[in-house]
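J.:
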Amino acid sequence: MDESVLYRETFSITGNDFERGGAAASAVKAIMRELGLDPAVIRRLSIANFEAEMNVIMYAEQGRLEFTVTAEAVKVVVADRGRGIADIELAMQEGYSTATAEMRARGFGAGMGLPNIKRSTDWFEIESTPGVGTTLRYGVLLGAAGGRG
Amino acid sequence: MEVPTHSIILEEARCVGCVACCKACPTKAIRVRNDLMQIDPALCIDCGACIRACRYDAVRPRTSTTADLKRFRHTVAIPSMTLFTQFGHDVYPWQVAGALRACGFDSFHDSSPMCPMVSSAVDTFLSECQGPWPKISVTCPAIIRLILIRYPDLIPHLIPIHTPRELAAKLARRQISARLGIPPAEIGVFYISPCAAILESIQRPVGVAESYFDGAFSVAELYGSLLRAIREGAGAAEESFEPRGLLWAASGGESGAMRNANILSVTGVEDVTYVFDCIEAGKFRQVDFLEAYICPDGCVSGQLLVEGRYAARHTLQRIQAQVTSRSAIKEERVRSLFREYFFHMEDEIKARPLEPVARNLREAILRRHEKNRLLEELPHKDCAACGAPDCATLAEDVVAGRARLEDCVFLKIRQGTPLPEETGDE
Chain D
1 MDESVLYRET FSITGNDFER GGAAASAVKA IMRELGLDPA VIRRLSIANF
51 EAEMNVIMYA EQGRLEFTVT AEAVKVVVAD RGRGIADIEL AMQEGYSTAT
101 AEMRARGFGA GMGLPNIKRS TDWFEIESTP GVGTTLRYGV LLGAAGGRG
Chain E
150 MEVPTHSIIL EEARCVGCVA CCKACPTKAI RVRNDLMQID PALCIDCGAC
200 IRACRYDAVR PRTSTTADLK RFRHTVAIPS MTLFTQFGHD VYPWQVAGAL
250 RACGFDSFHD SSPMCPMVSS AVDTFLSECQ GPWPKISVTC PAIIRLILIR
300 YPDLIPHLIP IHTPRELAAK LARRQISARL GIPPAEIGVF YISPCAAILE
350 SIQRPVGVAE SYFDGAFSVA ELYGSLLRAI REGAGAAEES FEPRGLLWAA
400 SGGESGAMRN ANILSVTGVE DVTYVFDCIE AGKFRQVDFL EAYICPDGCV
450 SGQLLVEGRY AARHTLQRIQ AQVTSRSAIK EERVRSLFRE YFFHMEDEIK
500 ARPLEPVARN LREAILRRHE KNRLLEELPH KDCAACGAPD CATLAEDVVA
550 GRARLEDCVF LKIRQGTPLP EETGDE
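Protein chains in written order, with this note's numbering: chain D, 1 to 149; chain E, 150 to 575.
Written out as structure tokens, the structure is:
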């Protein structure tokens, strides 16, 4: 597998910054379009990126989204410094949420975030240390035509 | 010289090469080269922003001519509902209809009853369809074009049901042919349009091989003669109009006539883009129907109207309260027409993807790096003096070989290159 990085860009995400919520995901989407990736790849990653970004905004202090393109895949790492997740298994259940009333009022916190990322991507890994932070790694494989097929 | 692109005509003699159109274009389809506007037909969605932005009357819509009317034995005018909002609240729709007859059309066909019929057909469609949600209205052709070029993923969201205007044209031709015994091809059906997007949808329709219209005129170009005919008392006799149809002139009218209340109405290109981005990201799935217009208030703010949109909205409220419906729309009748596929588009809606800028992923990435490098050198003023709408677009154009970095006036000043001298006739 050719692992050489063709493109990499990192975006910072600030906790509680709902004003700019989705900004990193939108920027990544624009880049993916410019690179001419397959619309299905763009759609799946955009869903995952948006959920991951909103998780940082809702639950963490500071985080970053690192977007990497290789000849084989688009890989994303979203790492944050924050409260972390005590019970990952529980957080992965659809409908489970620790969102506050304010977050719910903004249309988030339906407990679909992490399951949605897993469903939209080809692989998904999560590591978390309570009180320290969370790291998500996920991605989508590109077709033979380099994401155009 | 007159240069047409889609439904837009540039009158070169009037174009001064200012960049108002270029900055106004929401899809960045316009460049100014050699002091003239140039539109990229692949990117143009016929929203009419350039017509609105031009202060020199250099950009105008491409409409039919009186010679086009003479090609037919019988001509019919089908006006947009917005036409009835243009003459103030003491001018009734039947006066406008009479004025159209006095202005060179052999007959007038009212499309207002077709509007709630289509709303009802959309209700039936929604109750039987499986998603993807939300379903998106096809009333605004600029919205369809935006989806075809920018949001191909949303094509399955478009409702494959004709607009009331197209169905009214189909019906008018049939009825008049039967009534007067004239072959359908010898009847000319013309739309009176509030916008460039509908003009283009008649020339190059989506979802059907050929439009049911033979041509179109703008409200603005007929306004003067209509106003005169109204003042002279044309069409004094009262005729019935469907009030729920008239409401289609503004946003909210289409969804307001539906039984399904799980709808969202969005207007204006910025908000539409925002909502489409959300839908692409999987949001708004709980909404059944999205009514979307590229103009800020729906058709009543079309760029080919005369009356301001607030005055027109107010007139609309007043007149729709004063017209009476001829008959209630029979839902059973709509359902049986629905089964006969009367409302359905004949063809599938297909994407019109833009040519990829690069041959493969590696080349696309190289181009992006090159673009970012060029952008570093540019001043980030987004002044558009180079002829591209902003610095990032100039960088893209340079990478694509369509422009030169030296087109930037700030770079020229920084490098000490003499600016081109103003050529005058002194």
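Every residue, glycine too, gets a C-beta built ideally from N, C-alpha and C.
Because the structure is a prediction, the values reported are computed rather than measured.
Taking Cβ-Cβ distances shorter than 7 Å, what residues in chain D pair up with residue 507(E)?
T.: Reading the second sequence from its first residue, position 358 is the one you call residue 507(E). Those are 36, listed as they occur along chain D.
J.: What separation, rounded to the nearest whole angstrom, lies between the Cα atoms of residue 193(E) and residue 346(E)?
T.: Counting from one through the second sequence, the residue named residue 193(E) turns up at place 44. Counting from one through the second sequence, the residue named residue 346(E) turns up at place 197. Going from the Cα of residue 193(E) to the Cα of residue 346(E) covers about 10 Å.
J.: Can you tell me where the beta strand (DSSP E) holding residue 394(E) begins and where it ends?
T.: What you label residue 394(E) is simply residue 245 of the second sequence in a count that begins at 1. No beta strand (DSSP E) contains residue 394(E), which is instead part of the alpha helix (DSSP H) from 392-395.
J.: Is the Cβ of residue 583(E) closer than 7 Å to any Cβ of chain D?
T.: The question about residue 583(E) has no answer here: the residues shown for chain E are numbered 150 through 575.
J.: For the beta strand (DSSP E) holding residue 439(E), just list the boundary residues, first then last.
T.: On the second sequence, residue 439(E) is found 290 positions in, with the first residue counted as 1. Run containing residue 439(E): 438-442, per the beta strand (DSSP E) assignment.
J.: In this structure, does DSSP put residue 316(E) in helix, strand or coil?
T.: Taking the first residue of the second sequence as 1, we reach residue 316(E) at position 167. Residue 316(E): helix per DSSP, three-state reduction.
J.: For residue 153(E), report the span of its alpha helix (DSSP H) as first-last.
T.: Looking up residue 153(E) in the second sequence gives position 4. Residue 153(E): not part of any alpha helix (DSSP H); member of the beta strand (DSSP E) spanning 151-154, first to last residue.
J.: Chain E beta carbons: is any one of them nearer than 7 Å to that of residue 50(D)?
T.: As a working mapping, residue 50(D) is identified with position 50 in the first sequence. Judged by the 7 Å Cβ criterion, residue 50(D) is in contact with chain E.
J.: Does the region 271-280 of chain E touch the region 316-325 of chain E, meaning 3 or more C-beta pairs lie closer than 8 Å?
T.: These segments do not touch.
J.: Whole-angstrom Cβ separation of residue 117(D) and residue 48(D), contact assumed at under 8 Å?
T.: As a working mapping, residue 117(D) is identified with position 117 in the first sequence. As a working mapping, residue 48(D) is identified with position 48 in the first sequence. Residue 117(D) to residue 48(D), Cβ: 4 Å. Contact.
J.: What residues of chain E sit near residue 39(D), judged by a beta carbon separation below 7 Å?
T.: Here residue 39(D) refers to the residue found at position 39 when the first sequence is read from its first residue. Residues of chain E passing the Cβ test: 301, 302.
J.: With residue 66(D) and residue 20(D) assumed to form a contact (beta carbons below 8 Å), what rounded beta-carbon distance in angstroms separates them?
T.: Here residue 66(D) corresponds to residue number 66 of the first sequence, with the count starting at 1. Here residue 20(D) corresponds to residue number 20 of the first sequence, with the count starting at 1. No, residue 66(D) and residue 20(D) are not in contact; Cβ-Cβ is about 18 Å, not under 8 Å.
J.: Got a sec? Which residues, its chain only, sit under 8 Å from residue 74(D) by beta carbon, not counting five neighbours each side?
T.: As a position in the first sequence, residue 74(D) is number 74, starting the count at 1. The residues are 32, 37, 41, 45, 67, 68, 139, 140, 142, 147.
J.: Would you verify that the beta carbon of residue 178(E) is, or is not, closer than 7 Å to some beta carbon of chain D?
T.: Locating residue 178(E) in the second sequence gives position 29, where the first residue counts as 1. Cβ-Cβ to chain D under 7 Å: no for residue 178(E).
J.: Tell me where the beta strand (DSSP E) around residue 82(D) begins and ends.
T.: The count along the first sequence starts at 1 and reaches residue 82(D) at position 82. Note, residue 82(D): beta strand (DSSP E), 73-82.
J.: Within 7 Å of any Cβ in chain E, is that where the Cβ of residue 126(D) sits?
T.: Numbered from its first residue, the first sequence carries residue 126(D) at position 126. No, its Cβ sits nowhere closer than 7 Å to a Cβ of chain E.
J.: What would DSSP say about residue 490(E), mapped onto helix, strand or coil?
T.: Here residue 490(E) refers to the residue found at position 341 when the second sequence is read from its first residue. Note: residue 490(E) maps to coil in three-state DSSP.
J.: When Cβ atoms are compared, which residues of the region 60-74 of chain D fall closer than 8 Å to chain E?
T.: 69, 71
J.: Taking Cβ-Cβ distances below 9 Å as the criterion, which residues of the region 422-434 of chain E are in contact with chain D?
T.: The residues in question are 426, 427, 429, 430, 431, 432.
J.: Can you say whether residue 632(E) is buried or exposed, counting buried as having 16 or more other CB atoms within 10 angstroms of its CB?
T.: Because chain E here runs from 150 to 575, residue 632(E) falls outside it and cannot be looked at.
J.: For the region 332-344 of chain E against the region 218-236 of chain E, are there 3 or more C-beta pairs whose distance is under 8 Å?
T.: yes
J.: Does the structure place the region 472-489 of chain E close enough to the region 289-303 of chain E that three or more beta carbon pairs sit under 8 Å?
T.: no
J.: So which residues on chain D does residue 544(E) lean against when the C-beta distance must stay under 9 Å?
T.: Residue mapping note: residue 544(E) aligns to position 395 of the second sequence, counting from 1. Near residue 544(E) there are no residues of chain D at all, since even the closest Cβ is about 12 Å away, more than 9 Å.
J.: So, at 7 Å on beta carbons, what are the nonlocal neighbours of residue 288(E) in its own chain, with the 5 sequence-adjacent residues on each side left out?
T.: Counting from one through the second sequence, the residue named residue 288(E) turns up at place 139. Cβ neighbours of residue 288(E) beyond the five flanking positions: 312, 403.
J.: Following the continuous beta strand (DSSP E) through residue 497(E), name the residue where it begins and the one where it ends.
T.: As a first step, residue 497(E) is located in the second sequence; it is residue number 348 there, counting from the start. Residue 497(E) -> no beta strand (DSSP E), and no H or E assigned at all.
J.: Short of 6 Å in beta carbon distance, which residues of its chain neighbour residue 361(E), apart from the five on each side in sequence? Order them along the chain.
T.: Locating residue 361(E) in the second sequence gives position 212, where the first residue counts as 1. Closer than 6 Å at Cβ, skipping near neighbours: 315, 318, 319.
J.: What are the boundary residues of the alpha helix (DSSP H) that residue 518(E) is part of?
T.: In the second sequence, the residue the question calls residue 518(E) occupies position 369. Element bounds for residue 518(E): 510-526.
J.: In this structure, what does DSSP give as the bridge partners for residue 342(E)?
T.: Translated into the one-based positions of the second sequence, residue 342(E) becomes position 193. Per DSSP, 367(E).
J.: Any contact of the region 368-384 of chain E with the region 243-263 of chain E, i.e. 3+ C-beta pairs under 8 Å?
T.: Two segments are said to touch when three or more pairs of C-beta atoms, one from each, lie closer than 8 Å; by this definition the region 368-384 of chain E touches the region 243-263 of chain E.
J.: Considering only C-alpha positions, which residue in the set 259(E), 253(E), 406(E) is nearest to residue 242(E)?
T.: Counting from 1 along the second sequence, the entry for residue 242(E) is found at position 93. The residue with the shortest Cα to Cα distance from residue 242(E) is 259(E).
J.: Assuming residue 554(E) and residue 526(E) make a contact with CB atoms under 8 Å, what is their CB distance in whole Å?
T.: Against the second sequence, residue 554(E) aligns to sequence position 405. Against the second sequence, residue 526(E) aligns to sequence position 377. At roughly 7 Å, the Cβ-Cβ gap stays under 8 Å, so residue 554(E) and residue 526(E) are in contact.
J.: Considering Cα atoms alone, identify which of 86(D), 97(D), 39(D) is closest to residue 430(E).
T.: For the purposes of this step, residue 430(E) is taken as residue 281 along the second sequence, with counting starting at 1. Among 86(D), 97(D), 39(D), the Cα nearest to that of residue 430(E) is on 39(D).
J.: Beta-carbon within less than 6 Å of residue 187(E)'s beta-carbon, same chain only, minus the 5 sequence neighbours each way: which residues are those?
T.: Locating residue 187(E) in the second sequence gives position 38, counting from the first residue. Correct list, in chain order: 180.
J.: Of the residues 176(E), 283(E), 174(E), 261(E), which one's Cα is nearest the Cα of residue 392(E)?
T.: Locating residue 392(E) in the second sequence gives position 243, counting from the first residue. The candidate whose alpha carbon is nearest that of residue 392(E) is 261(E).
J.: Using a Cβ-Cβ distance under 7 Å, would residue 552(E) count as near chain D?
T.: Stepping through the second sequence from its first residue, residue 552(E) is reached at position 403. Not an interface residue.
J.: Does the beta carbon of residue 46(D) come closer than 7 Å to any beta carbon on chain E?
T.: For the purposes of this step, residue 46(D) is taken as residue 46 along the first sequence, with counting starting at 1. Chain E contact via Cβ: present.
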